[in-house]
Amino acid sequence: MGFYQRLTLKQSCVLCMEPANFCVCQACEAAFSNQINRCQSCAHPISGNLDFCGQCLSHSPAFDHAYTLYDYQDLVAQLIKTFKYSQQLCIGNYFAHKLAEKYQTMQHYDAIIPMPLSRQRIRERGFNQVLELLSIIKKKPNFIDTHSVHRIKATQPLTTLNPEQRQKEIKGAFHANPISYQRVLLVDDVMTTGTSLNELAKTILKAGVKNCDVLTLSRARD
Ligand SMILES: [Zn+2]
Ligand SMILES: [Zn+2]
């Protein structure tokens with residue numbers, strides 16, 4: 005990189021410290037992992053030319069389609085953790101732009117519902133990371149609906165539990181007021197087992213929503 009080019013770049017990449025236009029440089033971004041073939045239902049990586057994973061074929065989730073940007077590993081996992089636990093808002097802003105780009109390619113929704121966090125979690129963390137990720141996707145007022153659904157139970161981390169324990173832990177975690185619009189996009193930062201998003205989808209479908217899809221920044225292998 006030449007001297008004058010360096011001068012025009014305002015910040016350094018949080019991963020490699022090289023000068024960059026955003027807080028992640030193009031070289032690091034090129035190393036992000038994103039599986040080409042994913043289950044159309046839950047976005048879990050699958051091999052070959054299959055459309056759905058075995059789990060969704062036997063037990064399809066309450067949402068229709070899950071979309072994701074990256075695999076939850078290596079640099080992406082490191083960035084998301086730094087963003088969430090050290091409040092590095094420039095990383096949130098970077099990912100918010102990426103989510104907005106993805107959103108442009110998607111179909112129409114009446115509203116976006118971000119994964120509701122418990123008050124305790126927001127207090128611990130100091131901010132709601134999912135709302136930060138939605139900061140670039142702004143449409144009409146109230147398009148991002150943070151009022152219809154609330155988390156009424158603070159759940160323990162689900163990844164350490166077996167499938168039955170997870171179901172038990174998440175059951176009744178959300179409460180929704182009656183919802184009048186039809187098509188909803190649920191958004192979360194990381195989807196691991198999909199248990200929380202599935203429960204959230206069930207809750208809003210009962211509250212009057214006709215169908216919903218899911219968009220996450222990253223998908224972990226469970
Ligand atoms: Zn870099
Ligand atoms: Zn699946």
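This note's numbering puts the first residue of the sequence shown at 5, with every later residue one more than the last.
For each residue, glycine too, the CB sits at the ideal point set by N, CA and C.
Model, not experiment: these values are computed from the prediction.
Between ligand 1 and residue 22, a heavy atom-to-CB distance of less than 8 Å is present. For ligand 1, no non-hydrogen atom lies closer than 8 Å to the CB of residue 205. DSSP places residue 179 in the strand class (E or B) of the three-state scheme. Taking the CA atoms as reference points, residue 209 sits about 42 Å from residue 25. The continuous beta strand (DSSP E) containing residue 154 extends over residues 153-155. In this structure, residue 118 sits away from residue 165, with a CB-CB distance that is not shorter than 9 Å. The same chain holds no residue with a CB closer than 6 Å to that of residue 151 once the five nearest residues on each side in sequence are set aside. For residue 199, there is no enclosing beta strand (DSSP E); the residue is part of the alpha helix (DSSP H) that begins and ends at 199-210. When the five nearest sequence neighbours on each side are left out, the beta carbons in the same chain lying within less than 6 Å of the beta carbon of residue 179 are those of 154 and 156, in order along the chain.
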